[in-house]
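In the working numbering, the protein residues as written are 1 to 67.
Okay, here's the thing in structure tokens:
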């Protein structure tokens with residue numbers, strides 16, 4: 001494997017993690033819970049402010065409160 005790989009290749013995990021956190025595809029996981037229209041609205045609003053998805057639901061109270 002080493003002879004086919006790029007020498008000194010390093011994965012920039014912090015950059016990959018940041019890119020993933022900003023990817024609007026993540027909001028699709030919320031579709032079954034909150035519906036497509038609400039998830040799409042979150043994606044559009046979140047994109048405007050460049051907020052990470054991991055913090056967005058908590059800030060926006062996406063999930064219903066438990067009984």
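We treat Cβ as the ideally placed atom computed from N, Cα and C, and that holds for glycine. Note that the structure is predicted; figures quoted are calculated from it, not measured.
- Task: Pull up the CB-CB distance for residue 39 and residue 31, whole angstroms please, since I reckon it's below 8 Å.
- Result: Locating residue 39 in the chain shown gives position 39, counting from the first residue. Locating residue 31 in the chain shown gives position 31, counting from the first residue. In this structure residue 39 is in contact with residue 31, their Cβ atoms being roughly 5 Å apart against a cut-off of 8 Å.
- Message: Quick check on DSSP: helix, strand or coil for residue 10?
- Response: Stepping through the chain shown from its first residue, residue 10 is reached at position 10. In this structure, residue 10 counts as coil in the three-state DSSP scheme.
- Message: DSSP three-state label for residue 23, please.
- Response: Counted from its first residue, the chain shown places residue 23 at position 23. Of the three classes helix, strand and coil, the one that applies to residue 23 here is coil, per DSSP.
- Continuous alpha helix (DSSP H) stretch holding residue 41: start and end: Indexing the chain shown from 1 puts residue 41 at position 41. 36 to 49 is the extent of the alpha helix (DSSP H) around residue 41.
- Query: Which word fits residue 27, buried or exposed, when buried means at least 16 other C-beta atoms lie within 10 angstroms of its C-beta?
  - Reply: In the chain shown, counting from the first residue as 1, residue 27 sits at position 27. Buried, because 16 or more other Cβ atoms sit within 10 Å of the Cβ of residue 27.
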